[in-house]
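Residue numbers (my numbering): -6 to 239. Below: one structure, written as structure tokens.
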Amino acid sequence: MACSKPTTPWTLYRGDALRRLASLEPESIDAIVTDPPYCAGGFTEKEKQAAKCMGITNKPKEEWFVGDNMGTAGLCFLLRSVACEALRLLKPGGSLLVFCDWRMVSALAPALESAGLRHQNLIVWDKGSIGLGRGFRPRHELVLHFTKGGSKARYFTRSGSNLIACKRVPGRTRNHPTEKPVEVFEKLLEVVCPEGGTVLDPFAGSAASGEAALRSGRNWIGVELSGEFCRKSRQRLRQVASEVAA
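What follows is the structure, encoded as structure tokens:
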């Protein structure tokens, strides 16, 4: 049974992403923008399942990513399933934007493309400062861009760039260990979603994408498995909605 149409500009569901996506109406979404747990920093399958690969050393991984014990094959299967739902949910020409680490591009891009989406671009988020490690230390993350349909992708500004420069969220203010800045989501949304349109985030986390949607005049639907993050995100979105309405 399909979910009823939301009566507020934001809706956050707690539950499994695939089950919730299956309940949404076909071609009801303008853009899907999400930051799934993608084993950042791991080279081997063992490392990709380790919390330290995401820079998480002070908490068990299970507290942050409920049910995430996947290696590359499991993640590709999950995200291909999400992409299949995206093909059903997106309006013609709509966009799917997925954050990923450079190590995962070669695995994730074909998996998403095989669902029937068109690979349009690879967007670089420049964090402005280098991360941990040795040698050529990383200061960027990537965003895979896919669209529904052929060459008729829907864009809503000509000023977008595939390089977004924005400082990362300071550790002391993060609501989630891999939280992305609201500004990054805003820059993505202004290109792929019209004002008044609807954004979907299947792995909502701290709901930074939701804040970006609300502050830029867009509607937002999120799904998050963690009860703790759902609670914090609802508080965040209520506050943002109140500020926007004031």
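Even glycine gets a Cβ: it sits at the ideal position worked out from N, Cα and C.
As a beta-bridge residue in DSSP terms, residue 194 pairs with 215. Listed in chain order, the non-local C-beta contacts of residue 204 below 6 Å within the same chain comprise 175, 233, local neighbours out to five positions each way being set aside. For residue 220, the enclosing alpha helix (DSSP H) begins and ends at 220 to 238.
DSSP places residue 206 within a helical segment (H, G or I) once states are collapsed to three. If you draw a straight line from the Cα of residue 183 to the Cα of residue 72, it is about 24 Å long. By the 16-neighbour rule on beta-carbons within 10 angstroms, residue 119 is exposed.
A Cβ-Cβ distance of about 7 Å is found for the pair residue 217 and residue 5, placing them in contact under the 8 Å criterion. Judged by beta-carbon spacing, residue 90 lies beyond the 7 Å limit of residue 17, meaning their Cβ atoms are not closer than that value. Residue 134 holds the alpha-carbon nearest to the alpha-carbon of residue 97 among 158, 78, 84, 134. Counting only runs that start and end inside the segment 53 to 104, the alpha helix (DSSP H) elements of at least 4 residues fall at 54 to 57, 65 to 82. For the pair residue 122 and residue 160, the Cα-to-Cα distance works out to about 8 Å. With contacts defined by Cβ atoms closer than 7 Å, residue 195 and residue 10 form a contacting pair.
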